[in-house]
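Student: Just so you know, the sequences run in chain order A and B.
Quick note on numbering: the numbering used here labels position 188 of the first sequence as 188, and the sequence is numbered without any gaps.
Quick note on numbering: the numbering used here labels position 111 of the second sequence as 111, and the sequence is numbered without any gaps.
Just so it is clear, CB atoms sit at the ideal spot from N, CA and C, and this is done for glycine as well.
Small disclaimer: the values here were computed from a predicted structure and weren't measured.
Take this structure first; my questions come after.
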Amino acid sequence: MKGVALLIDGITVQFGAFRAINDLSLAIDYGEVRAVIGPNGAGKTTLLDVISGITRPKAGRVLFDGAQDITRLPESAIARTGIRRKFQKPSVFEALTVRQHIEIGAEASFRRQLDGPALTDRVDEILETVGLESQASRLAGELAHGQKQWLEIGMVLASEPRVLMLDEPVAGLTDEETERTAALVRALKRPDRAIIVVEHDMDFVELIADRVTVLHEGRTLFEGSMDKVRADQSVVDVYLGR
Amino acid sequence: MKSWTTDRPFMVLILALLVIAAAMPLLAGTSLAPSRYLTNAVGQLAAFAMLALSLDLIWGYLGILSLGHGLFFAIGGYVMAMHLLKHSFVATGTVPDFLQFMGWKDFPAYWAGFENFPYALVIAVVVTLLVSSIIGYVSFRSRVGGVYFAIITQALVYVAMLLMFRNDTGFGGNNGMTGFAVVFGWPVGTEGMITALSVASIIGLALVMLACRMLVGSRFGALMLATRDDETRLRTLGYETLRLKLIVWCLSALIAMLAGMLYVPQVGIINPRVLSPELSLEIAVWVAIGGRGHLVGAVIGALLINSLKFWLSSAAPELWPFILSGLIVLVVLVFPNGLVDLAKFRLVRPFGPKHLALKSGEATR
Numbered sequence: 001m002k003g004v005a006l007l008i009d010g011i012t013v014q015f016g017a018f019r020a021i022n023d024l025s026l027a028i029d030y031g032e033v034r035a036v037i038g039p040n041g042a043g044k045t046t047l048l049d050v051i052s053g054i055t056r057p058k059a060g061r062v063l064f065d066g067a068q069d070i071t072r073l074p075e076s077a078i079a080r081t082g083i084r085r086k087f088q089k090p091s092v093f094e095a096l097t098v099r100q101h102i103e104i105g106a107e108a109s110f111r112r113q114l115d116g117p118a119l120t121d122r123v124d125e126i127l128e129t130v131g132l133e134s135q136a137s138r139l140a141g142e143l144a145h146g147q148k149q150w151l152e153i154g155m156v157l158a159s160e161p162r163v164l165m166l167d168e169p170v171a172g173l174t175d176e177e178t179e180r181t182a183a184l185v186r187a188l189k190r191p192d193r194a195i196i197v198v199e200h201d202m203d204f205v206e207l208i209a210d211r212v213t214v215l216h217e218g219r220t221l222f223e224g225s226m227d228k229v230r231a232d233q234s235v236v237d238v239y240l241g242r
Numbered sequence: 001m002k003s004w005t006t007d008r009p010f011m012v013l014i015l016a017l018l019v020i021a022a023a024m025p026l027l028a029g030t031s032l033a034p035s036r037y038l039t040n041a042v043g044q045l046a047a048f049a050m051l052a053l054s055l056d057l058i059w060g061y062l063g064i065l066s067l068g069h070g071l072f073f074a075i076g077g078y079v080m081a082m083h084l085l086k087h088s089f090v091a092t093g094t095v096p097d098f099l100q101f102m103g104w105k106d107f108p109a110y111w112a113g114f115e116n117f118p119y120a121l122v123i124a125v126v127v128t129l130l131v132s133s134i135i136g137y138v139s140f141r142s143r144v145g146g147v148y149f150a151i152i153t154q155a156l157v158y159v160a161m162l163l164m165f166r167n168d169t170g171f172g173g174n175n176g177m178t179g180f181a182v183v184f185g186w187p188v189g190t191e192g193m194i195t196a197l198s199v200a201s202i203i204g205l206a207l208v209m210l211a212c213r214m215l216v217g218s219r220f221g222a223l224m225l226a227t228r229d230d231e232t233r234l235r236t237l238g239y240e241t242l243r244l245k246l247i248v249w250c251l252s253a254l255i256a257m258l259a260g261m262l263y264v265p266q267v268g269i270i271n272p273r274v275l276s277p278e279l280s281l282e283i284a285v286w287v288a289i290g291g292r293g294h295l296v297g298a299v300i301g302a303l304l305i306n307s308l309k310f311w312l313s314s315a316a317p318e319l320w321p322f323i324l325s326g327l328i329v330l331v332v333l334v335f336p337n338g339l340v341d342l343a344k345f346r347l348v349r350p351f352g353p354k355h356l357a358l359k360s361g362e363a364t365r
C-alpha cells in the first residue's frame, strides 16, 4: 500500500509569544519509518502533540489517510482512527498489570470488542513482540525503565495502528536495550503503516529511519536520508555540530 | 485485581457487618442486648462509612478529590426529612415546627406528594443526578481537576449551606427539620425502630461495599485506575474519559445521597450544618486515614474516626480538633496510604503485591 498516511499542512503553534511550530508542512507515507530530529525546542514533541490532538494549532490542518481532517477532533477520536503515540516519558498505569495494559490498548472502547480467545491471542502476540511474556502478571509500577518503554510501545501497538508515533523510545535505555528497540521498530514496519520516531540518538536513527526530517525553530530545515543529513552543512551548524 | 471472593480483608469485613446486623435483632430482649444509644450510634456509623465509600470511589480510584460530598449527603438527608415530616403530618397531624415559626398555614406546593416514599426516593435520585451531572459535566469537559475541582466543590457546598440557612426557602431554614413522629407507619424512638434502622444501614453498607468492589474489580474498574494514573495516556488510546468520569462521579453522588437518607431518620434532625465545609472536609480525612484506593480502608477509617468522635464528644469535646489535626499530620508524614500502610507493615506484608504477583505468575504459566 502506497500513499500519504499523514499530511501536515501549514501548521502553526503559538504558546504566548513563542512560536513552537511555524508554518510547517510535512508528508509521511505508508510503509516508511520517518525520524524527526532537531535541537531542543525545535518543535518535535509539539508536532506529535498536534497530530494526537493534545495541542490545538493556531493555523493549518492535519489530514489522515489523504482525506480525513483530524485537526479539530478530540484525542480519543483521533486515536480511534488508527493514530497511536508513545509518550516521551514512559506513560503507563502503575496500578495495572502488564496484561491489562495490552488489553486496554487492544480495545479502545468501554465495551468489549474482541471476544475472549481473540483478545488473549492478540495480547500474547503483542507481549511476545515486545518481549514481556514473562512479565504479564506484574504491575507496571514494578517494571524497570526499559520495560516500561516496551510496555507502552506494546500498548499502542495492540490496536494495530496505521500511524505509530514514538517519542524518544530509547531515552534512558542501555546500549543493549537500544539495539533491541531498534530491532523492534524495524519489525513493526509494514506497507500499510507509517512510523514516526522522534529521537536524539543519531546512531539509533541511522539504524531505523528510511528518511529523516530535521526541524529547527519550528520549521523543516532539511529532509532526506541519514547520509545526506550528516553531510548537510546547515544541519551540522544548528544541530549535529554542537 | 483479584476477584472479590478471594479478597480476604474485604470478605472479613462484609462477614463482620452481616454478623453485627444479625446479632442486633437476635439479642434484643436478652441481657446481652446493646443499649439504645449504642445501636443508634452503630447505625449512624454505618451511614458515615457509606459516605466514606462514596468519596473513596471517586478520589481513591479515579483521583478526583471532592471536598463537597456533603452536598449529596444533604440532598438525601433533606429529601428523607421532607418525607418523614409529611408522612408524620399525614399519619398523626403533627405540624412541623418550621411551618409554625414561619406562620405558614400549609406546606409549600413543592412538598406535595412527599408523604409517598417511592416518590420521595425518585425525587432524591433525580435531584442528585441533576446536580452531580451538571457539576461533573461542566468541570470534566473543561478538564478541571485536582485542587481546582476540590475548591469548586467546596465552594458549592458552602453556597448550598447559605441557601439552606434562609428561612423562606421552605426547607426548615437555620433550625432545620426535626420532630419526625413515624417512619413507614411505625412510631420513632422505640427499641424496634432503632434496631431496624441500624440494621438497615449496616446491610445497606454491606451491599454498597459489594457493589463498589465488583465495580472496581471489573474491566471498567481497571479503566478507572488507568484514568487516575495517566488520563492523557488513556485518552490517546481512544477512550473518552469524560464519560467514564461522569458515570463514576454520579454513582458516587448517589451513594452519598443514600447515606444521607439512612442517616437522617436515625439522628432525628437535619439542618444546614451537614452542608458546612467541615463535614465535607472530614469525609476526606476519614478516607485518607483509612487508606484511599482501598474500600475496606475507607470504611474502617470512617468507623474509627467517628467512633472516636462519638466518644470524645461526650468525654472531652475541646480535644477533638487537636486529635483530628494530629491524625492528619501523622497520615501525611508517616502513613501516606493511611491505615492500609500500617496493616501491610504488620500483617499483610507476606501477602504483599510482589509476593502475590509472583505467585499468580507461576499459576498462569
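If we call anything under 8 Å between Cβ atoms a contact, is T236 of chain B one with A79 of chain A?
Tutor: A contact, by the Cβ cut-off of 8 Å.
Student: Identify every residue that forms a DSSP beta bridge with V62 of chain A.
Tutor: A:I8.
Student: Note down, in chain order, each residue of its chain lying with its Cβ closer than 6 Å to the Cβ of V188 of chain B, except the 5 sequence neighbours on either side.
Tutor: Same-chain partners within the cutoff: F180.
Student: Sort B:C250, B:E231, B:K245, B:I247 by Cα distance to S91 of chain A and report the nearest one.
Tutor: The shortest C-alpha separation from S91 of chain A is found at B:E231.
Student: Can you list, in chain order, the residues of the stretch 101-132 of chain A whose Cβ is nearer than 9 Å to any Cβ on chain B?
Tutor: Under the 9 Å Cβ criterion, the stretch 101-132 of chain A contributes H101, E103, I104, G105, E107, A108, S109, F110, R112.
Student: What separation, rounded to the nearest whole angstrom, lies between the Cα atoms of A33 of chain B and E191 of chain B?
Tutor: Straight-line Cα distance between these residues: approximately 11 Å.
Student: Can you list, in chain order, the residues of its chain whose CB lies under 8 Å from that of A16 of chain B, leaving out five sequence neighbours each side?
Tutor: There are no such residues.
Student: Please report the distance separating the alpha-carbon of G113 of chain B from that of V98 of chain A.
Tutor: Between G113 of chain B and V98 of chain A, the C-alpha separation is close to 54 Å.
Student: Taking beta-carbon pairs under 8 Å, can you tell me which members of the stretch 31-53 of chain A lie near chain B?
Tutor: Within the stretch 31-53 of chain A, the qualifying residues are S52, G53.
Student: If I'm right that G301 of chain B touches W286 of chain B with Cβ under 8 Å, what's the distance once you round it to whole angstroms?
Tutor: About 4 Å separates the two Cβ atoms, so the contact holds.
Student: Taking K86 of chain A as part of the beta strand (DSSP E), name the residues at either end of that continuous run.
Tutor: 83-86 is the extent of the beta strand (DSSP E) around K86 of chain A.
Student: How about M155 of chain A and H101 of chain A: do their beta carbons lie closer than 8 Å?
Tutor: Cβ atoms of M155 of chain A and H101 of chain A: closer than 8 Å.
Student: Measuring straight from C-alpha to C-alpha, what distance separates A95 of chain A and K44 of chain A?
Tutor: When rounded, the distance between both Cα atoms is 30 Å.
Student: Hey, how far is the Cα of V332 of chain B from the Cα of M209 of chain B?
Tutor: Distance between the alpha carbons of V332 of chain B and M209 of chain B: 26 Å.
Student: Looking only at C-alpha atoms, which of B:M214, B:F48, B:Y137 sits nearest to T6 of chain B?
Tutor: For T6 of chain B, the nearest C-alpha among the options comes from B:M214.
Student: So is R111 of chain A buried or exposed if we call it buried at 16+ other beta carbons inside 10 Å?
Tutor: Classification of R111 of chain A: exposed, given that the 10 Å Cβ count is below 16.
Student: Tell me the DSSP secondary structure of P187 of chain B in three-state form.
Tutor: DSSP places P187 of chain B in strand when its eight states are reduced to three.
Student: Which residues in the same chain as F140 of chain B place their Cβ atom closer than 7 Å to its Cβ, once the five residues preceding and following it in sequence are excluded?
Tutor: Taken in chain order, the residues that qualify are L242, K245, L246.
Student: For D167 of chain A, name the three-state secondary structure that DSSP assigns.
Tutor: Here D167 of chain A sits in strand by DSSP.
Student: In angstroms, rounded to a whole number, what distance separates the CA positions of F149 of chain B and T128 of chain B?
Tutor: Whole-angstrom Cα-Cα distance: 18 Å.
Student: What in chain A is Cβ-close to L369 of chain B, meaning under 7 Å?
Tutor: Because chain B in this structure spans residues 1 to 365, residue 369 of chain B falls outside the shown range and cannot be described.
Student: Using the beta-carbon count (16 or more within 10 Å), is F176 of chain B buried or exposed?
Tutor: The residue asked about is misnamed: residue 176 of chain B is Gly in this sequence, not Phe. Classification of G176 of chain B: buried, given that the 10 Å Cβ count is 16 or more.
Student: Between the alpha carbons of T286 of chain A and S25 of chain A, how many angstroms are there, rounded?
Tutor: Past the edges of chain A, shown from 1 to 242, lies residue 286 of chain A, and the structure says nothing about it.
Student: What residue does the alpha helix (DSSP H) around E282 of chain B start on, and which one ends it?
Tutor: 277-290 is the extent of the alpha helix (DSSP H) around E282 of chain B.
Student: If I measure Cβ to Cβ from S234 of chain A and keep anything under 7 Å in the same chain, skipping five residues before and after, which residues do I get?
Tutor: Only L221, F222 meet the Cβ criterion.
Student: With a floor of 4 residues, list each alpha helix (DSSP H) that falls wholly inside the stretch 302-344 of chain B, ordered by position along the chain.
Tutor: List check, alpha helix (DSSP H) in window: 320-333, 339-343.
Student: Using a Cβ-Cβ distance under 8 Å, would S76 of chain A count as near chain B?
Tutor: S76 of chain A counts as touching chain B.
Student: What residue range does the beta strand (DSSP E) around F222 of chain A cover?
Tutor: That run of the beta strand (DSSP E) goes 219-224.
Student: Taking Cβ positions, are A5 of chain A and A194 of chain A nearer each other than 8 Å?
Tutor: Cβ distance < 8 Å, so A5 of chain A and A194 of chain A count as in contact.
Student: Between M202 of chain A and chain B, is the shortest Cβ-Cβ distance under 8 Å, so that the two count as touching?
Tutor: With 8 Å as the cut-off, M202 of chain A does not count as an interface residue toward chain B.
Student: In chain order, what residues of the stretch 229-260 of chain B put their CB closer than 8 Å to some CB of chain A?
Tutor: If the cut-off is 8 Å between Cβ atoms, the stretch 229-260 of chain B has D229, D230, T232, R233, L234, R235, T236, L237, G238, Y239, E240, T241, R243, L244 near chain A.
Student: Would you grab the beta carbon distance between L281 of chain B and L13 of chain B for me? Rounded to a whole angstrom, and I think it's under 8 Å.
Tutor: About 25 Å; that fails the 8 Å criterion.
Student: What whole-angstrom Cβ distance do F204 of chain A and V236 of chain A have, given they're in contact under 8 Å?
Tutor: No, F204 of chain A and V236 of chain A are not in contact; Cβ-Cβ is about 19 Å, not under 8 Å.
Student: With a cut-off of 8 Å, does the C-beta of F87 of chain A fall near any C-beta of chain B?
Tutor: Taking Cβ atoms only, chain B reaches closer than 8 Å to F87 of chain A, which makes this a yes.
Student: Counting Cβ pairs, one atom from each stretch, are 3 or more of them under 8 Å apart for the stretch 268-280 of chain B and the stretch 153-162 of chain B?
Tutor: With the cut-off at 8 Å, the stretch 268-280 of chain B and the stretch 153-162 of chain B touch.
Student: Could you check where the beta strand (DSSP E) with A20 of chain A kicks off and where it finishes?
Tutor: It spans 18-29 - the beta strand (DSSP E) in which A20 of chain A sits, taken as one unbroken run.
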